[in-house]
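Have a look at the structure below before the remarks.
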Amino acid sequence: MDDLRAGLNEVECDLLVIGGGTAGPMAAYRARKKNPNAKVILLEKANVKRSGAISMGMDGLNNAVIPGHSTPEQYTKEITIANDGIVDQAAVYKYAQNCYGIIEELDQFGIRFQKDENGEYDVKKVHHMGTYVLPMPNGDTVKKALYRQLRRARVLISNRYMATRLLTGKSGRAAGAIAVNTRSGEFLVIKAKAVIMCMGAAGRLGLPTSGYLYGTYENPTNSGEGYSMAYHAGAKLANLECFQINPLIKDYNGPACAYVAGPFGGYTANSKNERFIECDYWSGQMMQEFYNELQSGKGPVFLKLNHLHKDTADHIEHILHTVERPSRGRFHEQRGTKYSEQMIEMHISEIGFCSGHSASGVYVDEFARTTVPGLYAAGDMASVPHNYMLGAFTNGAIAGEHAVDFAAEVDHDEFDDAAISMEQERVLAPTKRDDGIPPNQIEYKIRRLVNDYLQPPKVTAKYELCQARLAEVREDMNTQMMARDAHELMRSMEVASILDCADMAAHASLYRAESRWGLYHWRSDYPDTNDSDWKCHVLLSNQDGVMTCEKKEVAPYIIPIAEDEKDAYYKQRITAQA
Amino acid sequence: MPIANTPTTVPVVVDEGKCIADKGCTVCVDVCPLDVLRISDLTGKAYMKYDECWYCMPCEADCPTDAVTVNIPYLLR
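Taken in order, these protein sequences are the chains called P and Y. Residues in the first sequence are numbered from 1 upward in steps of one, following the working numbering. Residues in the second sequence are numbered from 579 upward in steps of one, following the working numbering.
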């Protein structure tokens, strides 16, 4: 079934949505709801039924702004502070205003959220300041419920097609995409009046300490194609130096989920059984304290539940082992670890790009528009910070509705046919070689270099060495990478995206000559935060084939941040131990 | 350069007695986000062809005959 076949088909639609994980299905669904006459194609490189970051489900909403518990103003303030002030608040505020409607819609889809004895949403406090975490007891049904809605709305689903490049029209608008079938190598050209990219994180950038290429925090199918394709289409990418690094269960690489455990009294502790951070909400500042503890004489770091009543610890264990990452129970069973009996060793993840957790994404405004007309982005790959699953749904909905209106106003933009033959040649090059290096080895080498040189602490000289080594690997990739079947061809295209992301990570990090966002952008040769020069976005883009960075002012705040509040996320460490 | 066949123990195990892929079932192959499962030409049963597993478990959860078990990859255990 993986034999390579020659083939090129062409289809036309009003709106093309790339990526069938979380934001993509919601974008396609809302677009069809808003304009039932629009032809909407949802493209997915796996199968929409089980694709993306929430393949198995999700155990809770991390950022639910629910009336009576929090306000959009409070949330916008908290995320601005958590993201060190580098936030265009309009997009965050719009998310915060819209997400409650999305929660109610998901509830109607059959995805239930935890309610208390009065039937009110049972929201928990995990963040430093406000209350936004809502458990999802049947979070394992998310993908099935979404799929039902897609079928009902008659969205055209195209599984097993991996988009490799966007098409740009002669007037500079997004004009569609080129995709390759992951099981046959046949091409599909999709002409569209607007395109929404929902292609997830760049989760296969750093190498997990286990050395297993696919043992990543993110679903490894999210290998950064969205970032790479947006770059090649001329879109600007924001704050890529704000890496994603998360606290995880050592080796398993699933989230340690102090979010789930926190409200029950669980927390992160050092090897002396001591709590050392006040707030377990994931932020760069928190990760810096985590890293410091890990490296200190009191390391390593643990998830601590064994002080709780056994029933409570077992209950938390049950949630963590059944919904989002159910193989986690198997991992602990094999290790013989029980949450009620001992502390569970934690570690930090490999680096990645993911605005869902940090802020690294394709730059978008409050309508999910990128800097390329007709091109939208939502979910983990778009720049709205700390956005999580509910952000993907909410901004996917915003993107779908805006893009379908945009598509109704314009015609298909003509593009140069040469773009298609050039892309076919690029994609198929590894299949034309009967001798060479398999994609998995090139990938391993890139990701090993990322770990050796790019993960924080960031050092200028190490970064420059990395750029030189990555250039050598690029030469190998361009001249020697070999794919023997369609599956390996998919992997080889992923490797090209991973390498683009590694180059972008290096370039953006070198440009921002200060430290910011705690561990995410800790430059040991520029250890201080320099607000006078760098309280701005860094936008990276392709300028005539040259990777280029520029500063962009942060838009004036809608919700003001008081001087005594702006550093709240730096006050994480518990100083006096009881 | 010659390409070697390096042996690898794979995390996804299929009970061939229970697997009904030879009757036309392709559920586990369809739902895998990494697309690493295939039906064997030799046995007509599902197996893990590529060692590229996220141990996420849709293959096991969605199998209609409970034939699939997802183990943790050896490197992580």
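No residue lacks a Cβ here, since even glycine has one placed at the ideal position from N, Cα and C.
From what residue to what residue does the alpha helix (DSSP H) around P/Y227 run? First-last of the alpha helix (DSSP H) with P/Y227: E225 to H232.
If we count Cβ pairs, one from each stretch, closer than 8 Å, do we get three or more for the region 171–188 of chain P versus the region 363–383 of chain P? Under the Cβ criterion (8 Å, minimum of three pairs), the region 171–188 of chain P counts as touching the region 363–383 of chain P.
Heavy atom of the ligand NAP less than 7 Å from the Cβ of P/Y259, yes or no? The ligand content of the structure shown is nil, which means the ligand NAP is not present either.
Under three-state DSSP, which class holds P/N478? Collapsing the DSSP output to three states places P/N478 in a helix.
Below-8 Å beta-carbon distance, P/K445 vs any chain Y residue: Cβ-Cβ to chain Y under 8 Å: no for P/K445.
Anything in the region 632–647 of chain Y with a Cβ closer than 8 Å to a Cβ of chain P? List those residues in chain order, please. Only W632, Y633, C634, M635, P636, A639 and D640 from the region 632–647 of chain Y bring a Cβ to less than 8 Å from some Cβ of chain P.
Who are the near neighbours of P/R112 in its chain, counting only those whose CB is closer than 8 Å to its CB and skipping five residues on each side? Around P/R112: M136, P137 and N138.
8 Å Cβ cutoff, Y/N649 in contact with chain P: So, interface residue.
If you draw a straight line from the C-alpha of P/Y231 to the C-alpha of P/P72, how long is it? Note on geometry: alpha-carbon atoms of P/Y231 and P/P72 lie some 32 Å from one another.
Cα-Cα, which of P/E278, P/G211, P/K39 and P/D564 is closest to Y/L653? Here the closest residue by C-alpha is P/G211.
Let's see if you can read the secondary structure: which residues bound the beta strand (DSSP E) around P/G176? Residues A174 to N181.
State the start and end residues of the unbroken beta strand (DSSP E) segment that holds Y/N583. Counting along the chain, Y/N583 falls outside any beta strand (DSSP E), and DSSP gives it neither H nor E.
Scan the region 361–376 of chain P for residues whose Cβ lies nearer than 7 Å to a Cβ of chain Y and list them as they occur along the chain. Correct list: empty, as no residue qualifies.
6 Å CB neighbourhood of P/L8 in its chain, flanking five on each side removed: Within the same chain, P/L8 has close Cβ partners F187.
Do you know offhand how far P/T268's Cα is from P/L303's? Spanning the alpha carbons of P/T268 and P/L303 requires a straight line of approximately 5 Å.
Quick one: measure Cβ to Cβ for P/E506 and P/Y463, integer angstroms, because I've assumed they're closer than 8 Å. A quick correction: the sequence has Ala, not Glu, at residue 506 of chain P. The C-beta distance from P/A506 to P/Y463 rounds to 5 Å, short enough to fall under 8 Å.
Is P/L8 helix, strand or coil by DSSP? If DSSP states are grouped into helix, strand and coil, P/L8 belongs with the strands.
Taking C-beta pairs closer than 8 Å, name the residues in chain P that Y/M579 reaches, listed in chain order. Those within 8 Å of Y/M579 in chain P are D435, G436 and I437.
Could you have a look at P/N62 and say whether DSSP puts it in helix, strand or coil? Reduced to three states, the DSSP call for P/N62 is coil.
For Y/T587 and P/G518, the rounded distance between their alpha carbons: P/G518 and Y/T587: Cα-Cα distance of roughly 39 Å.
Does the region 27–46 of chain P come close enough to the region 398–408 of chain P to have 3 or more Cβ pairs within less than 8 Å? Short answer: they touch.
Does the contact criterion of 3 or more C-beta pairs under 8 Å hold for the region 406–420 of chain P versus the region 230–244 of chain P? In short, these stretches do not touch, since the Cβ pair count stays below three.
Excluding five sequence neighbours on each side, which residues of the same chain lie with their C-beta closer than 6 Å to the C-beta of P/L146? Excluding residues within five positions, the ones whose Cβ falls inside 6 Å are P25.
Taking any Cβ of chain Y, which residues in the region 484–497 of chain P have a Cβ under 7 Å from it, in chain order? Taking 7 Å as the Cβ-Cβ cut-off against chain Y, the residues of the region 484–497 of chain P that qualify are H487.
Taking the beta carbon of Y/E638 as the centre, do at least 16 other beta carbons fall within 10 Å, making it buried, or is it exposed? Buried, since its Cβ has 16 or more Cβ neighbours within 10 Å.
Mind checking P/H318: buried by the 16 CB within 10 Å criterion, or exposed? So P/H318 ends up on the exposed side.
Got a sec? Which residues, its chain only, sit under 8 Å from Y/P642 by beta carbon, not counting five neighbours each side? The beta carbon of Y/P642 is closer than 8 Å to those of I598, C603 and V605 in its chain, skipping five residues each way along the sequence.
Is there a Cβ of chain Y sitting closer than 8 Å to that of P/M58, yes or no? Not flagged as an interface residue toward chain Y: P/M58, since no C-beta distance is shorter than 8 Å.
Endpoints, the beta strand (DSSP E) within which P/Q295 is located: Taken as a continuous stretch (DSSP letters only), P/Q295 belongs to no beta strand (DSSP E), being part of the alpha helix (DSSP H) at G284 to Q295.
Can you tell which of Y/I581, Y/V591, Y/P580 and Y/D613 has its C-alpha closest to the C-alpha of P/N47? It is Y/D613 whose Cα lies nearest to the Cα of P/N47.
So which residues on chain Y does P/N478 lean against when the C-beta distance must stay under 8 Å? Per Cβ cutoff of 8 Å: no residues; P/N478 is ~17 Å from chain Y at best.
Can you tell me whether P/V546 is buried or exposed, with buried defined as 16 or more other CB within 10 angstroms of its CB? Flag for P/V546 reads exposed.
Taking buried to mean at least 16 other C-beta atoms within 10 Å of its own C-beta, is P/D567 buried or exposed? Its Cβ having fewer than 16 others within 10 Å, P/D567 is exposed.
Rounded C-alpha distance that separates P/V427 from Y/K627: Computed Cα separation, rounded: 23 Å.
Does Y/Y628 come within less than 8 Å of chain P when only Cβ atoms are used? Output row for Y/Y628: interface = yes.
Compute the Euclidean distance between the alpha carbons of P/P67 and P/V410, then round it to the nearest angstrom. The straight-line gap separating the alpha-carbon atoms of P/P67 and P/V410 is approximately 39 Å.
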